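In our numbering, the protein residues as written are 271 to 541. Where a beta carbon is used, it is the ideal one built from N, C-alpha and C, also for glycine. The structure displayed is predicted, hence computed values, not measured ones. Written out below as structure tokens is the structure these notes cover.
Here it is, written out as structure tokens:
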């Protein structure tokens, strides 16, 4: 079947001649194509304009891996998804550890998590619980970079001797004041800053007056993290470190993964 009706859900096909408001744009996928174009441009920009920062971040992670240290990732709200992005997956670094607090995630109460991420003191307790220390690398993810927990993750990580990499949106951060008593934002307290290139508010597409959708921070952030982990692992290999990388548990990787689980189950939470 060709034409407009082929894109309709089954219950609407009989009424294809009477589409809902705005359906012509939706059915031509104009909005989807625009989003894809924005995302591609953003990815091109963040990867080509930040080679110095990207190389500095990769070098820090490679040093940590080659010396038996750890890569930690921390984020609140939707940013915790990126903390999980490198954890326990096919092609993922075994020594990548997410720092997780259920109150800062979304499944208990999304609205409450917005309040918890503004609390001072919480990040320090979590860093101590996970054992972040000298020689480790801590990636702190926060699109806005203005709340207390990510800022104190960065400050606390550096105080413990870890190299801190921020993944944030400078444009959003610069548009709003910090909520931390110091008045600083995440990009101002990290050793290395990777900008996700996102717009203020994250939503990139105005689909109607005053209504915007199409966030990019997760997609761009995931691409940056995956590229960063691969680059760091490659550099660590060149330094003589045999890579510890998970295989697919749904493929032929069970035996290799079991070896890592046995070695690290007591050291890596959430395994």
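query                                                                                                                                                             : result
Which partner residues does residue 474 have in the DSSP bridge list?                                                                                             : Answer is none; residue 474 lacks a bridge partner.
Roughly how many angstroms separate the alpha carbons of residue 484 and residue 475, rounded to a whole number?                                                  : 6 Å
Please state the DSSP three-state secondary structure of residue 429.                                                                                             : helix
Based on Cα-Cα distance, which residue from 537, 536 and 520 lies nearest to residue 359?                                                                         : 520
Between 303, 412 and 314, which has its C-alpha nearest residue 497's C-alpha?                                                                                    : 314
Given this structure, state the Cα-to-Cα distance separating residue 344 from residue 368, to the nearest angstrom.                                               : 6 Å
Residue 442 to residue 470, Cα distance in whole Å?                                                                                                               : 4 Å
Grouping DSSP H, G and I as helix and E and B as strand, with all else coil, what is residue 540?                                                                 : coil
Using beta-carbon positions only, say whether residue 491 and residue 352 come within less than 7 Å of one another.                                               : yes
Which residues bound the beta strand (DSSP E) around residue 375?                                                                                                 : Residue 375 -> no beta strand (DSSP E), and no H or E assigned at all.
By the three-class DSSP mapping on this structure, what secondary structure does residue 463 have?                                                                : strand
Consult DSSP for residue 535 and reduce its assignment to one of helix, strand or coil.                                                                           : coil
Does DSSP put residue 309 in a helix, in a strand, or in coil?                                                                                                    : helix
Using a Cβ-Cβ cutoff of less than 7 Å, which residues in the same chain neighbour residue 239 once the five nearest sequence positions on both sides are dropped? : Absent from the model: residue 239. The displayed extent of the chain is 271 to 541, so no value can be given.
State buried or exposed for residue 312, treating a residue as buried only when at least 16 other CB atoms are found within 10 Å of its CB.                       : buried
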